[in-house]
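Residue numbers (our numbering): 139 to 203.
Ideal Cβ placement from N, Cα and C applies to all residues, glycine included.
Let me begin by presenting the structure, written as structure tokens, before commenting on it.
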Amino acid sequence: MNIYFNKTVILMPYETYNITIVTGSYPQIHHTDALPTKNGWINCSEFVDANGKVYYDWIPAIKLS
139 MNIYFNKTVI LMPYETYNIT IVTGSYPQIH HTDALPTKNG WINCSEFVDA
189 NGKVYYDWIP AIKLS
């Protein structure tokens with residue numbers, strides 16, 4: 139199921155959001171389960187690669203703009 143928005147989605151501070159991202163190619167990887175940014179943290183509880191292998195300490199490198 140895909141969800142599309144015709145307006146900008148604003149994420150609120152101090153809220154937790156669970157987002158699933160499906161990539162069309164194999165992404166670059168941050169080898170950690172938590173990544174600090176200038177505006178907070180990115181956490182990844184689970185990453186499943188194209189072969190079905192599960193990683194708990196990987197964050198796919200994505201660009202949000």
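Which residue or residues does DSSP assign as beta-bridge partners of residue i?
i: Pro165; result: Looking at the DSSP assignment, Pro165 forms no beta bridge with any residue, so it has no partner.
i: Ala172; result: Asn181
i: Val186; result: Val192
i: Pro198; result: Ile167
How would you call residue i, buried or exposed, if buried means at least 16 neighbouring beta carbons within 10 angstroms?
i: Ile148; result: exposed
i: Ile141; result: exposed
According to the Cβ coordinates, are residue i and residue j closer than 8 angstroms?
i: Asn181; j: Asp171; result: yes
i: Phe185; j: Pro198; result: yes
i: Ile200; j: Ile159; result: yes
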